[in-house]
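2 is the number of the first residue of the sequence shown in the working numbering; add one for each residue after it. For reference, the structure discussed in these notes is given below.
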Amino acid sequence: MGHSAALCDHRAAIEITKDWNSIEQVVLRNPQGASARVSLHGGQVVSWRNEQGKELLFTSSKAKPSKAMRGGINICFPQFGNCGSLEQHGFARNKIWTVDSNPPPLQSNESQGKSFIDLLLKPNEEDLKCWPHSFEFRLRVLLATTGDLALISRVRNVNGKPFSFSFAYHTYLSVSDISEVRIEGLETLDYLDNLCNRERFTEQGDAITFESEVDRVYLSCPNIVAVLDHERKRTFVIRKEGLPDVGKPPFAFLNIIVHKAY
Ligand SMILES: O=P(O)(O)OC[C@H]1O[C@@H](O)[C@H](O)[C@@H](O)[C@@H]1O
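Written out as structure tokens, the structure is:
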């Protein structure tokens, strides 16, 4: 079955296009006019627009062709950051994924009434040389009628030999002036400060605000975190499910980065 199989039924609001580099992109739309664009390069969400057509994700103008693009939502797998032997954030974000036209069913009714696409990544011989584990990584990207965006990841161990991995949705939200932004939900959490050799600190203040560059990994983060942008009068609510964390970092973390020149 080819890509056309992914275009039927509930996925009628899906369009497949190509980027300037001839790499396929899947565009999801909802009836209210919101959209999300997912590249088969890295399975990366490269655009998410609300019903007014406003872009909600940041993309660096310094993005380099064929490199992992700084922007959108990078899928980091099988390694987050440089905590392992692989390239920074693992190889998945630099691979060409395929459209999965026949994914195994999901247990929840999470997808009802949403426009969605399933992508699949399997290791090639080169990947197996540097990370010798047989896996299938399935990513479902969903756009709800409310305009909410959801990502569901499933990692299957194909041959049953145990392996461990970490993964992350490295999300670049578009915000106004950083001095207008506040993050709620991380109060009193511990974090590793990447600007201080990953030294561990405890967050002291109330909501987090920004005065200078920040590059931190917050540990054991709650299921809901809010990013409030006062200037744009917009709040992003980031919700996670299914990553139970019982104080065992780094299984559920939030990486907050505010760089000066991106
Ligand atoms: O430039 P990359 O490899 O996409 O990484 C983006 C960011 O990834 C984060 O995890 C790091 O904490 C940042 O320091 C880094 O800038």
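Heads up, the beta-carbon is just placed ideally off N, CA and C, and yes, glycines get one too. No experiment lies behind these values; they were computed from the predicted model shown.
By the Cβ test, the region 122 to 141 is in contact with the region 88 to 96, since at least three Cβ pairs between them sit closer than 8 Å. Of all C-beta pairs linking the region 21 to 29 to the region 202 to 217, fewer than three are shorter than 8 Å, placing the two stretches out of contact.
Taken in chain order, the unbroken stretches of beta strand (DSSP E) that lie wholly in the region 9 to 69 and span 3 residues or more are 15 to 19, 25 to 30, 36 to 40, 46 to 50. Thr147 is classed as exposed because its beta carbon has fewer than 16 other beta carbons within 10 Å across all chains shown. A straight line joining the alpha-carbon of Leu220 with that of Leu193 spans about 8 Å. Closest in alpha carbon position to Glu88, among Val238, Ala69, Arg235, Phe59, is Ala69. Approximately 4 Å separates the beta-carbon atoms of Pro104 and Asp119; this is inside 8 Å, confirming the contact.
Contact annotation, Glu137 with Leu152: C-beta distance approximately 16 Å; criterion of less than 8 Å not satisfied. Linking Asn198 to Gly243 through their CA atoms gives a straight-line distance of about 30 Å. Val218 is positioned such that its CB atom lies no closer than 7 Å to that of Ala227.
Beta-bridge partners assigned by DSSP to Leu255: Tyr219.
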